[in-house]
Amino acid sequence: GENVEQHPSTLSVQEGDSAVIKCTYSDSASNYFPWYKQELGKGPQLIIDIRSNVGEKKDQRIAVTLNKTAKHFSLHITETQPEDSAVYFCAASHPRGGKLIFGQGTELSVKP
Amino acid sequence: DAMVIQNPRYQVTQFGKPVTLSCSQTLNHNVMYWYQQKSSQAPKLLFHYYDKDFNNEADTPDNFQSRRPNTSFCFLDIRSPGLGDAAMYLCATSPRLAGTQETQYFGPGTRLLVL
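So the sequences go chain by chain: A and B.
Numbering follows the numbering used here, with no gaps: position 5 of the first sequence is 5.
Numbering follows the numbering used here, with no gaps: position 55 of the second sequence is 1055.
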């Protein structure tokens, strides 16, 4: 079945710097890749997603890139702010089965 | 505008005492999911409903059951909670299954404490 590996597990940056989180997946048929932000004590919130027919997608300070050949996708956050501090999860879904497979999560800390 | 609502936000129960968590949605989505999330871990899918069709994950314990009386509501029943069942329980919805590239929308979660 599908497996998603996420790195790093923790990331600390200074306010204003960029942050990059990387995920790799195992099943080349996976075709949908969402990213979720989870603040302490809250449910995951979708921040951006990308489908397999697209290589890059951007929404203000957040961007996601997808390399289907290498089977990896990355989240890029520019001009980080303290309110970006949270746990970020990547996920992948396969056309068959209808499940999201999550990465292990990255705890991002943005220091003022 | 709350779209996926979970009640209660915090639930305390006693070891072995049945407990029910509830989820409702205003999105009119066909699919509703229940996840268990333990500290510092990714959400783990327990089961999902596609309409009235119930789909259990192979490794979900029998202790966990679910009911979906209508499109808007879904319940998670834990028949005999053990200490290991203390966790955050997340409900999510999507228009269709995730395999069709559909986004899942999560509720705020219910934190379950077992004494």
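Just so you know, even glycine gets a beta-carbon here, dropped at the ideal spot from N, CA and C.
For a quick check, are the C-beta atoms of Ala-91(A) and Phe-102(A) less than 9 Å apart?
Going by C-beta atoms, Ala-91(A) is nearer than 9 Å to Phe-102(A).
Can you tell me whether Asp-17(A) is buried or exposed? The criterion is at least 16 other CB atoms within 10 Å of its CB, across all chains shown.
exposed
In whole angstroms, give me the CA-to-CA distance for Arg-61(A) and Glu-2(A).
29 Å
Let's see if you can read the secondary structure: which residues bound the beta strand (DSSP E) around Val-957(B)?
Coverage of chain B is limited to positions 1001 through 1115, which leaves residue 957(B) absent and any answer about it impossible.
For the segment 1065 to 1090 of chain B, enumerate the residues whose C-beta is nearer than 7 Å to any C-beta of chain A, in chain order.
Leu-1090
Check whether the segment 1013 to 1033 of chain B and the segment 41 to 48 of chain A are in contact - that is, three or more C-beta pairs closer than 8 Å.
Cβ pair count under 8 Å is below three, so no.
Should Gly-55(A) be flagged as near chain B, meaning a C-beta pair shorter than 9 Å?
With a threshold of 9 Å between beta carbons, Gly-55(A) makes no contact with chain B.
Taking beta-carbon pairs under 8 Å, can you tell me which members of the segment 21 to 47 of chain A lie near chain B?
Asn-31, Tyr-32, Pro-34, Tyr-36, Gly-41, Lys-42, Gly-43, Pro-44, Gln-45 and Leu-46
Which listed residue (Ala-29(A), Lys-57(A), Pro-82(A) and Asp-27(A)) has its alpha carbon closest to that of Trp-35(A):
Lys-57(A)
Which residues, in order along the segment 1039 to 1062 of chain B, keep a beta-carbon less than 9 Å from a beta-carbon of chain A?
For chain A, the residues of the segment 1039 to 1062 of chain B that bring a beta carbon within less than 9 Å of one of its beta carbons are Ser-1040, Gln-1041, Ala-1042, Pro-1043, Lys-1044, Leu-1045, His-1048, Tyr-1050, Asn-1055 and Glu-1057, in chain order.
So if DSSP puts Thr-106(A) in a beta bridge, which residue, or which two residues, is it bridged to?
Tyr-88(A).
For the beta strand (DSSP E) holding Gln-14(A), just list the boundary residues, first then last.
Secondary structure note for Gln-14(A): its beta strand (DSSP E) is the uninterrupted segment 10 to 14.
Kindly list the residues whose CB is nearer than 7 Å to the CB of Thr-1060(B), restricted to its own chain and excluding five residues on each side of it in sequence; keep chain order.
Leu-1046 and Phe-1047
Reference Lys-111(A), options Gln-38(A), Ala-19(A) and Cys-23(A), closest by Cα:
Ala-19(A)
Please list, in chain order, the chain E residues whose beta carbon lies closer than 9 Å to that of Gly-105(A).
Given the protein chain composition of this structure (A and B), no chain E is represented.
Step through the CB atoms of chain A and report whether any lies within less than 9 Å of the CB of Val-1012(B).
Answer no: the Cβ-Cβ gap between Val-1012(B) and chain A never drops below 9 Å.
By DSSP, does Asp-17(A) sit in helix, in strand, or in coil?
Coil at Asp-17(A), not helix or strand.
Strictly below 7 Å CB to CB, what residues from chain B border Phe-102(A)?
Ala-1042 and Pro-1043
Under 9 Å, Cβ to Cβ, is there at least one residue of chain A near Gln-1036(B)?
Chain A contact via Cβ: absent.
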